[in-house]
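Asker: Numbering (full-length UniProt numbering), first residue to last: 8 to 335.
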Ligand code: SF4
Ligand code: MG
């Protein structure tokens with residue numbers, strides 16, 4: 008399979024009064040065509056900042072992309088002009104967020120909002136756009152599409168609004184759909200319905216999905232491939248089956264010990280003692296060392312490389328798997 012997106016040594020920093028926060032600290036991973044890749048980790052580990060960097064939506068200042076590349080079909084998105092980037096955004100790369108109400112415009116009808124990208128990016132006329140919008144409303148599982156086309160966001164339930172966000176995101180047949188905790192704000196039954204919808208859509212359109220979540224239940228249901236982030240770093244990545252069958256990093260093992268409870272609202276992981284470290288005080292070491300029961304001297308002074316230790320697609324950043332760690 009072809010690579011669609013490649014993050015190469017991405018560094019996204021924020022300049023705060025307390026110091027520099029390395030929210031994304033030398034992150035590399037790839038998203039392949041047609042794949043659903045889940046980025047999983049606790050709140051504040053850099054998942055959303057990674058996605059926002061790809062969308063070029065990091066506000067500067069205080070944010071800054073301090074290094075690296077984000078290749079999309081081989082082109083570095085970080086080098087595109089604002090104009091080129093806005094052509095890609097919403098067209099080839101679309102994003103859905105946690106809170107659909109704040110992303111929909113309250114004074115425009117659903118139909119106007121689904122039509123807008125079609126008029127802008129696809130050169131459709133009003134009539135064609137309306138026809139396509141109605142198809143999309145139907146695709147996302149909403150009955151009486153014609154009626155919904157004329158409705159305003161406040162007339163719809165939270166679950167329906169999230170379906171509309173998905174319809175808007177899919178309107179231009181994006182190659183990449185980024186979904187940042189798309190079900191976290193919804194209640195239990197609706198969450199499950201939206202996940203079902205996303206899986207269903209995946210079989211109908213050939214879009215790669217980058218799904219950001221703190222919920223391993225969501226990962227188990229949705230992912231082909233998983234990237235685990237901790238305090239700005241990728242600490243493990245693997246195909247979903249390998250990750251659940253043979254987790255390697257102590258943090259991932261801890262995550263999996265906390266039995267995945269689908270629909271759990273908390274953004275915390277109770278099984279691992281301790282806290283995510285203060286992001287301004289991170290050193291060039293294993294960022295998990297304070298919480299790790301296997302911590303060795305080298306872990307406190309040197310960052311472990313993200314490397315394969317067996318199956319070629321399974322990588323882990325942990326000194327336990329390195330000769331240098333073993334001699335300690
Ligand atoms: Fe634990 Fe060291 Fe591995 Fe970090 S590198 S997870 S501190 S053993
Ligand atoms: Mg987030």
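Every residue gets a Cβ at the ideal spot worked out from N, C-alpha and C, and that includes glycine.
Could you tell me the distance, in whole angstroms, from the CA atom of residue 105 to the CA atom of residue 330?
Answerer: The alpha-carbon atoms of residue 105 and residue 330 are separated by roughly 42 Å.
Asker: Less than 7 Å between C-beta atoms, sequence neighbours within five positions excluded: which residues of the same chain meet that for residue 2?
Answerer: Since the first residue of the chain shown is 8 and the last is 335, residue 2 is not available in this structure.
Asker: From 12, 53, 43 and 39, pick the residue whose C-alpha is nearest to that of residue 20; which is it?
Answerer: For the residues 12, 53, 43 and 39, the minimum Cα distance to residue 20 belongs to 53.
Asker: Does the Cβ of residue 156 have 16 or more other Cβ atoms within 10 Å, making it buried, or fewer, making it exposed?
Answerer: Counting Cβ neighbours within 10 Å, residue 156 comes out buried, since at least 16 surround it.
Asker: Are the beta-carbon atoms of residue 291 and residue 307 separated by less than 8 Å?
Answerer: No, Cβ-Cβ distance for residue 291 and residue 307 is not below 8 Å.
Asker: Just how far apart, CA to CA, sit residue 142 and residue 152?
Answerer: Each residue's Cα considered, the two are about 8 Å apart.
Asker: Once DSSP output is grouped into helix, strand and coil, what is the label at residue 272?
Answerer: With a pLDDT of 48 at residue 272, under the threshold of 50, the modelled position of this residue cannot be trusted, and the question is left open.
Asker: Please output, in chain order, the residues near the ligand SF4 using a CB cut-off of less than 5 Å to any non-hydrogen atom of the ligand.
Answerer: For the ligand SF4, the selected residues are 257, 293, 295, 296, 299, 301, 302, 306, 311, 325, 326 and 327.
Asker: Report buried or exposed for residue 96, applying the criterion of at least 16 other Cβ atoms within 10 angstroms of its Cβ.
Answerer: Flag for residue 96 reads buried.
Asker: Which residues share a DSSP beta bridge with residue 240?
Answerer: DSSP, once it has assigned bridges, lists 237 as partnering residue 240.
Asker: Look at the alpha carbon of residue 76 and the alpha carbon of residue 57, and state the distance between them as a whole number of angstroms.
Answerer: Going by the C-alpha atoms only, they are around 12 Å apart.
Asker: Does the beta-carbon distance from residue 256 to residue 242 come in below 8 Å?
Answerer: Yes. Within cutoff.
Asker: Using the Cα positions of residue 228 and residue 196, report the straight-line distance between them to the nearest angstrom.
Answerer: If I take the Cα positions, the gap works out to 15 Å.
Asker: Label residue 254 either buried or exposed according to how many other C-beta atoms from any shown protein chain fall within 10 Å of its C-beta, with 16 as the threshold for buried.
Answerer: Buried, because 16 or more other Cβ atoms sit within 10 Å of the Cβ of residue 254.
Asker: Alpha carbon to alpha carbon, what distance is there between residue 310 and residue 32?
Answerer: The alpha-carbon atoms of residue 32 and residue 310 are separated by roughly 11 Å.
Asker: Per DSSP, which one or two residues make a beta bridge with residue 38?
Answerer: In the DSSP output, where bridge partners are listed per residue, residue 38 has 12.
Asker: Which whole-angstrom value describes the C-beta separation of residue 295 and residue 258, a residue pair presumed to lie in contact below a C-beta threshold of 8 Å?
Answerer: Confirmed, Cβ separation roughly 5 Å.
Asker: Hey, would you say residue 78 sits closer than 8 Å to residue 28, going by beta carbons?
Answerer: Taking 8 Å as the Cβ cut-off, residue 78 and residue 28 do not qualify as a contacting pair.
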